[in-house]
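Peer 1: Sharing a structure below in structure tokens format, with a few things to ask.
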Amino acid sequence: MITPRFECSQTAESVIIKIYCPSVRAADVEIHVEDTLFTIHINPYFLRLNFSHPVLEDEESTAKYDPSSGYLTVTLTKESRGQEFADLDLLAKLLAPRPSQQAPLIEVIGQDEVDELVSQTNALSLEHEEILLAAENDWQIPQELPSDSPITTTLTQTYGFLNLYSGYFKHVSHTENEVNELGVDAETCTVQGRRARRWKHEDEKWDEEHYMADYADDEYIQELILWKNPHVVANAPFQFTEQENLALLNLPRKEYLTDAHQTKHLYLTLATILFSYAYETRTTQGDSTPESAWTICSLTPAFSALDPPPYSPPTNASHIPSPPDLTACMSQSYRRCLSFPLYRSFLLAEACCTDVAELFLLGKRTIVRCLLETKFLLEHHEVYYVYNKIWLEDFCVWVQASASDGALREIGAALKNLTVAKGSIGWDLEALEAVTRDVQERDSDSDDESDDEAEVARQL
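My numbering applies: residue 55 is where the sequence shown begins, and numbers increase by one.
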């Protein structure tokens, strides 16, 4: 079955679903409505939507097919007239199944995939029976003496969104993944090992002279700090573009059941991803470059070292990060933007943190749009697409379907008032800045003396 392109809108009394299904017979349409669930089947298309409130298929409901455009327009009556249906433009949320308590993760698959899995299972069963039969009748199976060497096993670790992934870095030695800080150990390095290697790599990349140079000559950096993200400036409702709607429609259909700690960690990881996005958009002023994918992946600890938050001991059992959680989280992003990219400025890092606060305050639609922009940069990269697979796709689905608008606003307000102390970064930034200012003052005094001597010489 094919999931068709679709879009939803509403009036005070109805919900309107426009479905693109060209070259079909309208007489073959099968529509079913039950409470909040709407399903439609018109060969070869199948669509199931789960709305936030109940709908009815009554006398006022209609289904009209326009052969010239290929669109089928279905109008359903709201059970409660005048009720506002939220998030009709978040397609992945509409496609998500009803919440289930059976498993932490459910991926929705079609009947064709089910049939294929059944056939594969049957094939494996037959193969297993053949192996057992051969073993019973073959007395000449080769045998070897036990080895004296100890048996060693290397446990494969999981990583990515909710630690759901493994195996994506098995052949990393054959790829030019410049942001991978774990090398060939990416599949086996423990959580503690990843963090230790990340810190060590950041310390190795930290360059005092680079930081002092950017601190002394910051004219262009000040220009970047004054730049405003268009999403923040607009601060108004918007409609997703056709390209964005298509990207939303192509997202995997998953349901995530998380506890309070997992939810908190996802919000924190989201903050680090948005920080990297904010830095990339500021430094390119919204015009991405071939280096943009590298920048985003390098600045995100969860990507480069498979090391997501939390970065501090748990402070409470709430699903919403506390200010200490957020401070520890942002300090890691500050460390990376001061040790890897071209522009290394603490003031620039603070501007990026402010951007993250504004994006959280604007809510899930704006955040989804930023994630889609990031996803587009990564999924078209021949190496960094892997981070799209293990992180971004899931975040695009989770933010739409599961992120709380109230939680996002609380996090945004906390980030707005957050202060990252320079001493928490791990390098003596204040001392370096003081030395730089002293040098600048001496150079300025020398220039003044030279000017005075030149003036005296002219007068003589």
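C-beta: ideal position from N, C-alpha, C; glycine also.
1) In chain order, what residues of the same chain have a beta carbon less than 6 Å from the beta carbon of histidine 264, not counting five sequence neighbours either side?
2) For the putative contact between threonine 210 and threonine 244, defined by C-beta atoms under 8 Å, what is the C-beta separation to the nearest angstrom?
3) Roughly how many angstroms lie between the CA atoms of proline 76 and cysteine 62, to the nearest whole one?
4) Pair every Cβ in the segment 343-360 with every Cβ in the segment 286-299, then say whether three or more of these pairs are closer than 8 Å.
5) Leucine 380 and isoleucine 279 - do their beta-carbons sit closer together than 9 Å?
6) Taking its Cβ as the centre, do 16 or more other Cβ atoms sit within 10 Å of valine 440, making it buried, or is it exposed?
7) Could you say if the segment 106-125 and the segment 64-83 meet the contact criterion of at least three C-beta pairs nearer than 8 Å?
8) Here's the rule I'm using: 16 or more other beta-carbon atoms within 10 Å means buried, otherwise exposed. How should glycine 214 be labelled?
9) When burial is assigned at 16 or more other CB atoms within 10 Å of the CB, is arginine 248 buried or exposed?
10) If you scan the segment 442-474 from start to end, which runs of the alpha helix (DSSP H) of 4 or more residues do you find wholly inside it?
11) Tell me which residue opens and which closes the beta strand (DSSP E) that asparagine 299 is part of.
12) Quick one: what does DSSP say asparagine 104 is sitting in, helix, strand or coil?
13) Please confirm if the segment 480-499 is in contact with the segment 411-428, defined as three or more CB-CB distances below 8 Å between the two stretches.
14) Am I right that phenylalanine 449 and leucine 324 are in contact with their C-beta atoms under 8 Å? What's the rounded C-beta distance?
15) If I measure Cβ to Cβ from arginine 463 and keep anything under 8 Å in the same chain, skipping five residues before and after, which residues do I get?
16) When you compare the CB of alanine 332 with every CB in chain B, is at least one pair closer than 9 Å?
17) Leaving out five residues on either side along the sequence, give the residues of the same chain with a beta carbon under 6 Å from the beta carbon of alanine 371.
18) Do the CB positions of leucine 322 and proline 363 come within less than 9 Å of each other?
19) Let's see if you can read the secondary structure: which residues bound the alpha helix (DSSP H) around isoleucine 279?
20) Give the straight-line distance between the Cα atoms of histidine 95 and serine 220, rounded to the nearest whole angstrom.
Peer 2: On the basis of the data shown:
1) As a position in the sequence shown, residue 264 is number 210, starting the count at 1. Hits under 6 Å: Arg398.
2) For the purposes of this step, residue 210 is taken as residue 156 along the sequence shown, with counting starting at 1. For the purposes of this step, residue 244 is taken as residue 190 along the sequence shown, with counting starting at 1. Their Cβ separation, rounded to whole angstroms, is 11 Å, which puts threonine 210 and threonine 244 out of contact at 8 Å.
3) Residue mapping note: residue 76 aligns to position 22 of the sequence shown, counting from 1. Residue mapping note: residue 62 aligns to position 8 of the sequence shown, counting from 1. Answer to the nearest angstrom: the Cα atoms are 18 Å apart.
4) no
5) By one-based count along the sequence shown, residue 279 stands at place 225. By one-based count along the sequence shown, residue 380 stands at place 326. Not closer than 9 Å, so no.
6) By 1-based counting over the sequence shown, the position of residue 440 is 386. Valine 440 comes out buried.
7) As far as the Cβ criterion goes, the segment 106-125 touches the segment 64-83, which means the pair count is three or higher.
8) If you number the sequence shown from 1, residue 214 lands on position 160. Burial state of glycine 214 is buried, judged by a 10 Å Cβ sphere holding 16 or more other Cβ atoms.
9) The residue given as residue 248 occupies position 194 in the sequence shown. Classification of arginine 248: buried, given that the 10 Å Cβ count is 16 or more.
10) 447-455, 459-470
11) The residue given as residue 299 occupies position 245 in the sequence shown. Element bounds for asparagine 299: not the beta strand (DSSP E) but the alpha helix (DSSP H), 296-303.
12) Locating residue 104 in the sequence shown gives position 50, where the first residue counts as 1. Note: asparagine 104 maps to strand in three-state DSSP.
13) Using a C-beta cut-off of 8 Å, the segment 480-499 makes no contact with the segment 411-428, since fewer than three inter-stretch Cβ pairs fall below that distance.
14) One-based indexing of the sequence shown puts residue 449 at position 395. One-based indexing of the sequence shown puts residue 324 at position 270. Going by Cβ atoms, the distance from phenylalanine 449 to leucine 324 rounds to 6 Å, so yes, they are a contact pair.
15) Residue mapping note: residue 463 aligns to position 409 of the sequence shown, counting from 1. Phe414, Leu415, Gly417.
16) Protein chains in the displayed structure number just one, and chain B is not present.
17) On the sequence shown, position 317 is the one that residue 371 refers to. Once the five neighbours on either side are set aside, the close Cβ partners of alanine 371 are Ala314.
18) Position 268 of the sequence shown holds residue 322. Position 309 of the sequence shown holds residue 363. Yes; because the gap between Cβ atoms is below 9 Å, this pair is in contact.
19) Indexing the sequence shown from 1 puts residue 279 at position 225. Residues 273-280.
20) Counting from 1 along the sequence shown, the entry for residue 95 is found at position 41. Counting from 1 along the sequence shown, the entry for residue 220 is found at position 166. About 36 Å.
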